[in-house]
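First residue of the sequence shown: 21, per the working numbering; consecutive thereafter.
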Amino acid sequence: MKKVFLFLLASMAMVSCGSDDGDGGSKRPSSVTIVGGNESYLFSMTYDKGRLNTLSSNYGGAHTFTFAYNGQGKVSTVSATGSTTDPIAFTYDGSGKLSSVTRSGQTFPVTWSDATTANIDGSTVKVDERGDIVMMDGAIVTRDTGKGAFANVKGVDGLTLYLTEILTFYYAGKRPLKTVTGSGVGVVFSNETQGGMLKSATFASSGTTYTMNITY
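The following block contains the structure:
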């Protein structure tokens, strides 16, 4: 997993190679498509009491993740069927911060240097107060105004979802992505909203233009 974040941020080109109030109400996405070049990805979601229940994807082969939650309402285990069957486990410290992630039988400690900055096996990631990723190994991530597709999804955040399915980085935020810059990365997102919620976005990565559409 060392230096995993920037490597995985470029992965699409390499392959083609708590609910809040206001506009958007309690909308949650049922599907997301990301299409560009020779690539076409479909992500489908189901929910239980506002929490993510299943996430199905064709990225890397058809598979489905099923989420289970601890007594504090945070995702604790993720089972998998289909092209991947490796379970994922998350643990938390007494303050509710992520303290480890286990995947493929290997456990990676999560060490927090302050309230928002964590180290995971040599990779540094920073999150904001909503749990959205705002820095990955020197690449700065800015967020747009309006609500992201996962603004009303409970139990998961940008980091735990990213560690589960990497392409969730593009859509599973409380706020939409705006830019990702630095450390050899430069991506700008052109977002469209409807009813205050992210509806679609276009962005270019490694010379390929992608279009993302979200259905609620």
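Just so it is clear, CB atoms sit at the ideal spot from N, CA and C, and this is done for glycine as well.
The shortest CA-to-CA distance from T213 to any of D141, L181 and Y191 is the one to Y191. Ranked by how close their Cα comes to the Cα of G202, the residues A224, G227 and M156 have M156 in first place. As computed with DSSP, A82 is found in no beta bridge at all.
By the C-beta criterion, the segment 153-167 is judged to be in contact with the segment 186-200, since at least 3 inter-stretch pairs fall below 8 angstroms. Between A224 and V207, the gap from beta carbon to beta carbon is short of 8 angstroms. Counting only residues of its own chain and dropping the five nearest sequence neighbours on each side, G56 has a CB closer than 7 angstroms to the CB of T228, T229, Y230 and T231. Nearest in C-alpha terms to A171, of all of S115, G70 and F63, is G70.
Between the beta-carbon of I140 and that of G178 there is about 13 angstroms, and that puts the pair past the 8 angstroms contact cut. Between N233 and T53, the C-beta spacing is below 8 angstroms. The Cβ neighbour count for E149, taken over all protein chains shown within 10 Å, is under 16; the residue is labelled exposed.
For L181, the enclosing alpha helix (DSSP H) stretches over residues G178 to T184.
Straight-line spacing of the CA atoms in T180 and G158 works out to 19 angstroms. Within the segment 98-185, the beta strand (DSSP E) runs of at least 3 residues that lie entirely inside it are, in chain order, 108-112, 118-123, 126-132, 137-140, 143-147, 153-156 and 159-163. About 5 angstroms separates the CB atoms of S51 and S64; that is less than 8 angstroms, so the two are in contact. Here T53 is bridged, per DSSP, to L62 and N233.
Going by DSSP, G216 is part of no beta strand (DSSP E) at all; its letter is neither H nor E. For Y191, the secondary structure class from DSSP, reduced to helix, strand or coil, is coil. In terms of Cα proximity to S133, the closest of L62, V121, S143 and V205 is S143. Taking C-alpha positions only, H83 is separated from R123 by approximately 16 angstroms.
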